[in-house]
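The structure appears right after this line, and notes come after that.
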Amino acid sequence: MKRIFFIVLTTVLIGFSLTLPIEVSAQPDPRCDPRETWAECCARFPEASACPIDGGVVALLAAGVGYGIKRARDSRQKGEKALEE
1294 MKRIFFIVLT TVLIGFSLTL PIEVSAQPDP RCDPRETWAE CCARFPEASA CPIDGGVVAL
1354 LAAGVGYGIK RARDSRQKGE KALEE
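First residue of the sequence shown? That's 1294 in my numbering, and the numbers climb one at a time after it.
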């Protein structure tokens, strides 16, 4: 019971921490006028990518989810084997 509570609590806290920051700002491009919005600046400089790490972040998240599923499955199988013995 404690283990299930810990897993649920951890999942909720991680989910909350990932959804908490609604807007994240980096340093502005020095070519942009500070009075311009981000969309106006990107319209003037379309060659500048908005988020070059997007594909890498998605790959890391997918790998983390896959690893977590594998660990949970292995843990369950280990627990079932202990009960059989």
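We treat Cβ as the ideally placed atom computed from N, Cα and C, and that holds for glycine.
DSSP-derived helix/strand/coil call for residue i
| i | result |
| --- | --- |
| E1333 | helix |
| F1299 | helix |
| F1338 | coil |
| D1367 | helix |
Cα-Cα separation between residue i and residue j, rounded to whole angstroms
| i | j | result |
| --- | --- | --- |
| K1295 | A1355 | 27 Å |
| G1349 | F1309 | 21 Å |
| V1301 | G1361 | 13 Å |
| R1328 | C1334 | 10 Å |
| R1337 | S1368 | 53 Å |
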